[in-house]
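Data block below; observations after.
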Ligand SMILES: [Cu+2]
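So, in structure tokens, the structure goes:
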């Protein structure tokens with residue numbers, strides 16, 4: 006009987022805290038919709054959008070410290086992979102062909118010697134910065150790992166837009182990075198205030214005229 010009573014009071018307590026939690030959430034949090042464009046006004050896919058709170062917060066990094074950069078159909082997937090500093094990235098090869106992945110970038114020079122189908126290797130990225138990837142066998146293969154210290158980040162889709170949901174109210178540093186931006190090694194930063202409801206920000210990224218994009222190899226090329 007005592008046990009039963011405890012279960013009941015626990016259930017009531019849980020229900021109460023859920024209601025309080027919801028009320029707190031709706032008042033103290035908001036959504037942020039960021040749209041990235043180039044100077045011609047075209048939407049920019051592959052823009053890493055990062056948020057760093059400027060206030061004291063209980064927010065702690067809760068994401069997984071591992072990620073994946075696949076080789077599939079003689080392409081790197083994804084083209085841009087943002088990861089938190091300290092993340093271990095695996096490089097599974099899903100192709101019949103062998104790949105030989107390397108980077109000369111200062112943030113993490115490395116080389117994964119020729120390896121075949123269903124093989125995987127991991128590299129840990131301990132320094133913030135840009136890591137450009139290539140494959141010694143396939144010149145068309147190109148991708149970027151962007152190692153960030155920001156606790157919150159997402160990459161824009163083809164419409165150049167990304168939505169951050171349920172952000173705690175307050176002031177944030179908002180910065181973006183794109184592989185084709187003029188100063189490729191430094192992100193551009195702005196400030197944004199979240200005050201509940203939806204906040205929209207449109208950002209213009211100053212792009213280089215020519216920048217490398219990954220292309221599917223021509224039929225029978227390899
Ligand atoms: Cu390759």
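Residue numbers (the numbering used here): 6 to 227.
Where is the CB? At the ideal position from N, CA and C, for every residue including glycine.
**Asked** Just how far apart, CA to CA, sit residue 36 and residue 184?
**Response** 26 Å
**Asked** Pick out every residue whose C-beta is nearer than 7 Å to a heavy atom of ligand 1: which are they, in chain order?
**Response** 76, 79, 102, 104, 105, 140, 142, 143, 146
**Request:** Assign residue 78 to one of three DSSP states: helix, strand, or coil.
**Result:** coil
**Asked** What is the DSSP secondary structure of residue 205, reduced to helix, strand or coil?
**Response** strand
**In chain order, each beta strand (DSSP E) run of at least 3 residues that lies wholly inside the segment 114–182** = 115–120, 127–130, 134–140, 147–153, 157–160, 166–173, 175–182
**Item:** Where residue 33 sits in the DSSP three-state scheme
**Value:** helix
**Message:** Cutting at 6 Å between CB atoms, please list the residues of its own chain near residue 38, excluding the five before and the five after it.
**Reply:** 168, 205
**Asked** Going by beta carbon distance, what residues of the same chain come within less than 8 Å of residue 138, once the five residues before and after it are set aside?
**Response** 74, 81, 106, 107, 108, 146, 147, 148, 149, 150
**Message:** Measuring alpha carbon to alpha carbon, tell me which residue in 216, 175, 212 is nearest residue 200.
**Reply:** 175
**Prompt:** Is the segment 45–53 in contact with the segment 84–92, if contact means three or more CB pairs nearer than 8 Å?
**Reply:** yes
**Item:** Within 8 Å, strictly: CB atoms of residue 79 and residue 211
**Value:** no
**Prompt:** Applying the criterion that 16 or more other CB atoms from any shown protein chain within 10 Å of the CB defines a buried residue, is residue 182 buried or exposed?
**Reply:** buried
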